[in-house]
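J.: Sharing a structure with you now.
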Ligand SMILES: [Zn+2]
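Numbering (the working numbering), first residue to last: -12 to 230.
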């Protein structure tokens, strides 16, 4: 570690020595965290106009701490709320992407900031805002659903294929923290593929349980499920019961 700092200092000296020279005692390395970029909406949809009640997934590029410590991120959703960990206890998160669901139509400015996970007083300014437009909520989703696949586990798994007859179906997930007290948020990402292994949709958990609707016609599908560290996930695929 000291070697690294020494080399870095030599490098800085080499750059500035022509102008100001270099003293014998190097200045302390400034401890700063860079400002994250303006947030973006994560694929597969990049539109910034969404109905209320739908999960929106935002991301920014990772930033670093000048002393190479781990960095945490905090989101301001513009509606008076901030990012929350899966168990709702923390606003600062270790990953540079997170979800939010708006409940009221309007325009909202989404911003993200970062801080050093070692020294929480070292924070970046807020990023430039991304303005999103929230419209009236869609009709309430139907409630009568049939499970066509259920999977439970940890880590990563590719499921067997399952058949969906309905035009609309959905993926539900629930998460359990297998090591409560560790500073990790349980999460799961679910990639929905068709039988030709083409991408249909993807889902990223924003909470300990949730549901995502898939509007992608009848056919055969399978899921690639990836869970976070200390996460036990349960995922179901469900189709709407036909009348
Ligand atoms: Zn740091």
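In this text, a Cβ means the ideal position worked out from N, Cα and C, and glycines have one as well.
Could you name the residues of the same chain whose beta carbon sits closer than 6 Å to that of residue 40, not counting the 5 residues immediately before and after it, in chain order?
T.: Counting from 1 along the chain shown, the entry for residue 40 is found at position 53. The answer, listed in chain order, is 124.
J.: Compute the distance between the beta-carbons of residue 223 and residue 163, then report whether it is under 7 Å.
T.: One-based indexing of the chain shown puts residue 223 at position 236. One-based indexing of the chain shown puts residue 163 at position 176. Between residue 223 and residue 163, the CB-CB gap reaches or exceeds 7 Å.
J.: Report yes or no: do the segment 134 to 149 and the segment 59 to 72 share at least 3 C-beta pairs separated by less than 8 Å?
T.: The segment 134 to 149, when compared against the segment 59 to 72, does not touch it at the 8 Å Cβ threshold.
J.: In this structure, how does DSSP classify residue 96 when only helix, strand and coil are distinguished?
T.: Position 109 of the chain shown, counting from 1, holds the residue named residue 96. If DSSP states are grouped into helix, strand and coil, residue 96 belongs with the strands.
J.: On the three-state DSSP scale, how would you describe residue 212?
T.: Within the chain shown, numbered from 1, the residue matching residue 212 stands at position 225. Correct three-state label for residue 212: strand.
J.: Grouping DSSP H, G and I as helix and E and B as strand, with all else coil, what is residue 54?
T.: The residue given as residue 54 occupies position 67 in the chain shown. In this structure, residue 54 counts as coil in the three-state DSSP scheme.
J.: By DSSP, does residue 26 sit in helix, in strand, or in coil?
T.: Locating residue 26 in the chain shown gives position 39, counting from the first residue. Of the three classes helix, strand and coil, the one that applies to residue 26 here is coil, per DSSP.
J.: Going by DSSP, which residues form a beta bridge with residue 150?
T.: For the purposes of this step, residue 150 is taken as the residue at position 163 of the chain shown. 207, per the DSSP bridge assignment.
J.: Have a look at the DSSP bridge pairing and note the partners of residue 120.
T.: Residue numbering aside, residue 120 sits at position 133 when the chain shown is read from its first letter. Note: residue 120 sits in a beta bridge opposite 36, 94.
J.: On the DSSP bridge assignment, give the partners of residue 161 in chain order.
T.: Within the chain shown, numbered from 1, the residue matching residue 161 stands at position 174. In the DSSP output, where bridge partners are listed per residue, residue 161 has 196, 221.
J.: Return the Cβ separation of residue 185 and residue 178 in integer angstroms, given the expectation that the two are a contact with Cβ distance under 8 Å.
T.: Here residue 185 is taken as the residue at index 198 of the chain shown, counted from 1. Here residue 178 is taken as the residue at index 191 of the chain shown, counted from 1. The C-beta distance from residue 185 to residue 178 rounds to 11 Å, too long to fall under 8 Å, and the pair is not in contact.
J.: For residue 236, name the three-state secondary structure that DSSP assigns.
T.: Since the first residue shown for the chain is -12 and the last is 230, residue 236 is missing from the structure and cannot be characterised.
J.: What do you get for residue 196, buried or exposed, if any count of 16 or more other CB atoms within 10 angstroms of its CB means buried?
T.: The residue labelled residue 196 in the question sits at position 209 within the chain shown. Burial call: exposed.
J.: Taking 6 Å as the limit between beta carbons, can you name the residues of its chain near residue 113, skipping five residues before and five after?
T.: Indexing the chain shown from 1 puts residue 113 at position 126. Only 98, 100 meet the Cβ criterion.
J.: Any idea if residue 5 is buried or exposed, counting beta-carbon neighbours within 10 angstroms, 16 or more meaning buried?
T.: Reading the chain shown from its first residue, position 18 is the one you call residue 5. The pLDDT assigned to residue 5 is 40, lower than 50, so where the model puts this residue is not dependable, and the model offers no usable value.
J.: Compare the Cα-Cα distances from residue 180 to each of 158, 15, 220 and report the closest residue.
T.: On the chain shown, residue 180 is found 193 positions in, with the first residue counted as 1. With distances taken between Cα atoms, residue 180 lies closest to 158.
J.: Using the Cα positions of residue 22 and residue 109, report the straight-line distance between them to the nearest angstrom.
T.: The residue given as residue 22 occupies position 35 in the chain shown. The residue given as residue 109 occupies position 122 in the chain shown. Taking the straight line from one Cα to the other gives about 11 Å.
J.: In whole angstroms, give me the CA-to-CA distance for residue 36 and residue 121.
T.: Taking the first residue of the chain shown as position 1, residue 36 is located at position 49. Taking the first residue of the chain shown as position 1, residue 121 is located at position 134. Each residue's Cα considered, the two are about 6 Å apart.
J.: Kindly list the residues whose CB is nearer than 7 Å to the CB of residue 69, restricted to its own chain and excluding five residues on each side of it in sequence; keep chain order.
T.: Here residue 69 corresponds to residue number 82 of the chain shown, with the count starting at 1. 61, 62, 63, 78.
J.: Could you give the C-beta distance for residue 226 and residue 153, rounded to a whole number, given that I count them as a contact under 8 Å?
T.: By 1-based counting over the chain shown, the position of residue 226 is 239. By 1-based counting over the chain shown, the position of residue 153 is 166. So it is a contact: roughly 4 Å between Cβ atoms.
J.: Which residues bound the beta strand (DSSP E) around residue 142?
T.: Counting from 1 along the chain shown, the entry for residue 142 is found at position 155. Residue 142 -> no beta strand (DSSP E), and no H or E assigned at all.
J.: Is there at least one non-hydrogen atom of ligand 1 closer than 6 Å to the beta-carbon of residue 61?
T.: To locate residue 61, count along the chain shown from 1; it is residue 74. Because no heavy atom of ligand 1 lies under 6 Å away, the Cβ of residue 61 does not count as near it: no.
J.: So what does DSSP say about residue 62, is it helix, strand or coil?
T.: Start at 1 with the first residue of the chain shown, and residue 62 comes out as number 75. Strand.
J.: What three-state label does DSSP hand residue 228 in the structure shown?
T.: In the chain shown, residue 228 corresponds to position 241, counting from 1. DSSP places residue 228 in coil when its eight states are reduced to three.
J.: Are the beta-carbon atoms of residue 171 and residue 217 separated by less than 7 Å?
T.: As a first step, residue 171 must be located in the chain shown, where it is residue number 184. As a first step, residue 217 must be located in the chain shown, where it is residue number 230. Yes, Cβ-Cβ distance for residue 171 and residue 217 is below 7 Å.
J.: Relative to the alpha-carbon of residue 219, which residue among 174, 189, 202 has its alpha-carbon at the smallest distance?
T.: The sequence position of residue 219 within the chain shown is 232, counting from 1. Comparing alpha-carbon positions, the option among 174, 189, 202 lying closest to residue 219 turns out to be 174.
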